[in-house]
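Novice: Structure below; questions to follow.
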Amino acid sequence: MRPRFPAPLRPGAVVGVTSPSAGVPAELRARLDVAVESVRSRGYPVVVGRCMDGARHVSAPAADRAAELQRMLLDPGIAAVVPPWGGETAIDLLPLLDWGALTAAEPTWMVGFSDIATLITPLTLRAGWATIHGQNLMDTPYAVPDGLVSWLDLVALPRGATVRQTSPGRYREGFVDWAEHPEDDTDVLDHAGAWTRLDGGGDVDVTGRLVGGCVETLASLAGTTYLDTGALADLGDGLVVYVEAAEHDAFTICRHLHGMRLAGFFDGAAAVLVGRTSAPDGATLTQHEAVMDALDVLGVPVVADVECGHVAPHLPLVNGALARVEHTAATSAITQTLS
């Protein structure tokens, strides 16, 4: 199954907002309003769904969340679906979605990361839709640093377009209190940080189809039909697999990555990209060491501290896109082709 890329958004295209995992608590509704306005300011009307309650860890019962998400994804009047952020248990939606209908339908852009990877990665691997692992809605107001693009830029590109992103070489530690500063739109990237090759020295220049997401959420899907990379690998382009740790310690991440590898998730990988993380090291095992403990046996380049994780800024990646990854002393870049 070749990835199918949604039609590009044009001014007037509708963006749907729903919370298939965590909703938005009352004290952060002002930030949600700012985020929605940032999308509207690009010329896209926004429709906010009913599954948005942030009082608990999920916005609504699973059946309601699945029904609203599926309705938005299959509605020809909605061009993109962007949840406010991730959460904890989006996995409960997977058996409730009509995968036959999704596979048969024209694809809609779905955007997000963290627990949203639980949905967008299966949408690519099982339904064949290209999806975007990138800024979530609540991060959308932030100005994008030089070298990167916003998900709003990606969804406007025509099929077959190529986009190149380069590492800004800087990142932010910590989080802004959106309850106190709902209008915040400037990431203070006050720490220097370059990509790091973990498997040895030398330049990296590889190509492959992108696929990946958050380790903590995808690990539970390893070995299931929802995380089967076989069809994507069978296209013959190779894979560029990306993973990122949200918060689990290095020992837990190490076990997760071993399990994902044993289940075949990394089969066909030409390289592995690892997102920069603020997750804790273990007493005798760092996050970088955890990655290599599990993945060194692959014998492919492993590049860490890529801007594709929970640490800002965010480098959006299109699941299913053909990517070229370059990492040298002079540049760290990824070029994606939407075909």
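Offset between the sequence shown (1-based) and the numbering used here: plus 16.
Yeah, the Cβ is synthetic: ideal placement off N, Cα and C, and Gly gets one too.
1. Does the stretch 46–53 come within contact of the stretch 72–81, defined as at least 3 CB pairs closer than 8 Å?
2. Can you name the start and end residues of the alpha helix (DSSP H) that V30 belongs to?
3. Do you know offhand how far V40's Cα is from D309's?
4. Can you name the start and end residues of the alpha helix (DSSP H) that A46 belongs to?
5. Let me confirm a value: R26 is counted as buried when at least 16 other C-beta atoms fall within 10 Å, else exposed. Which label applies?
6. To which residues of the same chain is D200 closer than 6 Å at the C-beta, ignoring the five residues directly before and after it?
7. Run the CB neighbour count on G224, radius 10 Å, all protein chains shown included, and call it buried at 16 or more, exposed below.
8. For P36, count the other beta carbons within 10 Å of its own beta carbon; 16 or more makes it buried, fewer makes it exposed. Which is it?
9. What is the DSSP secondary structure of C230, counted as helix, strand or coil?
10. When burial is assigned at 16 or more other CB atoms within 10 Å of the CB, is A346 buried or exposed?
11. Using 8 Å for Cβ pairs, my map puts G102 next to N152. What's the rounded Cβ distance?
12. With a cut-off of 8 Å on the beta carbons, I'd call L304 and A320 a contact; round off their distance for me.
13. In terms of residue numbering, what span does the beta strand (DSSP E) encompassing I136 cover?
14. Identify whether A79 lies in helix, strand or coil by the three-state DSSP scheme.
15. Could you pull out every residue in the same chain whose Cβ sits closer than 8 Å to the Cβ of E323, ignoring the five residues on either side in sequence?
16. What are the start and end residues of the beta strand (DSSP E) that includes E342?
17. Exposed or buried, S57, counting other C-beta atoms within 10 Å across all chains shown (16 or more means buried)?
18. Do F282 and V256 come within 8 Å of each other at the CB atom, strictly closer than that value?
19. Using beta carbons (cut-off 8 Å, strictly below), is W115 in contact with chain C?
20. Between which residues of its own chain and D244 is the CB-CB distance below 7 Å, once the five residues before and five after are set aside?
21. Cβ of T119 within 8 Å of Cβ of A95?
22. For S130, which of helix, strand or coil comes out of DSSP?
23. Within 10 Å of its beta-carbon, does P157 have 16 or more other beta-carbons around it, so buried, or fewer, so exposed?
24. Whose C-beta lies closer than 7 Å to the C-beta of A279 among residues of the same chain, with five residues either side of it excluded?
25. Counting C-beta neighbours from all protein chains within 10 Å, is the total for V231 16 or more, i.e. buried, or is it exposed?
26. Measuring alpha carbon to alpha carbon, tell me which of V316, F267, V318 ends up nearest A299.
27. H343 and G228: beta carbons closer than 8 Å?
28. Anyone know if the C-beta pair for D253 and L168 falls short of 8 Å?
29. Measure the beta-carbon distance from G375 to M88 and round it to whole angstroms, keeping in mind my assumption that it falls under 8 Å.
Specialist: Here's the rundown:
1. Between the stretch 46–53 and the stretch 72–81 there are fewer than three inter-stretch CB-CB distances shorter than 8 Å, so the stretches are not counted as touching.
2. From DSSP, V30 is part of no alpha helix (DSSP H) but of the beta strand (DSSP E) over 30–33.
3. Taking the straight line from one Cα to the other gives about 37 Å.
4. Here the alpha helix (DSSP H) through A46 covers 45–56.
5. In summary, R26 is exposed, with fewer than 16 beta-carbon neighbours lying within 10 Å of its beta-carbon over all protein chains present.
6. Beyond the five residues adjoining it in sequence on each side, D200 comes within less than 6 Å, by CB distance, of V192 in the same chain, given in chain order.
7. By the neighbour-count definition (other C-beta atoms within 10 Å, threshold 16), G224 is a buried residue.
8. Classification of P36: buried, given that the 10 Å Cβ count is 16 or more.
9. In the structure shown, C230 sits in a strand (DSSP, three-state: E or B).
10. Flag for A346 reads exposed.
11. Between the beta-carbon of G102 and that of N152 there is about 7 Å, and that keeps the pair under the 8 Å contact cut.
12. Checking the sequence shown, residue 304 turns out to be His, not Leu. A Cβ-Cβ distance of about 6 Å is found for the pair H304 and A320, placing them in contact under the 8 Å criterion.
13. From DSSP, I136 is part of no beta strand (DSSP E) but of the alpha helix (DSSP H) over 133–141.
14. When secondary structure is reduced to three states using DSSP, A79 falls in the helix class.
15. L164, S183, P184, Y187, G291, R292, P329, H330, L331.
16. Going by DSSP, E342 is part of the beta strand (DSSP E) stretching over 338–343.
17. By the 10 Å Cβ count, S57 comes out exposed.
18. No, they are not a contact pair.
19. Here there is only one protein chain, and chain C is not present.
20. The answer, listed in chain order, is L141.
21. No. Outside cutoff.
22. For S130, the three-state secondary structure derived from DSSP is helix.
23. Counting every other CB atom within 10 Å of its CB across the protein chains shown gives P157 a total of 16 or more, marking it as buried.
24. Contacts found: A238, G239.
25. Answer is buried; the Cβ neighbour count reaches 16.
26. Checked all of V316, F267, V318; the closest Cα to A299 is F267.
27. When the beta-carbon positions are compared, H343 and G228 stay at least 8 Å from each other.
28. For D253 and L168, no; Cβs fall outside 8 Å.
29. Only positions 17 to 355 of the chain appear in the structure, and residue 375 is not among them; the question remains open.
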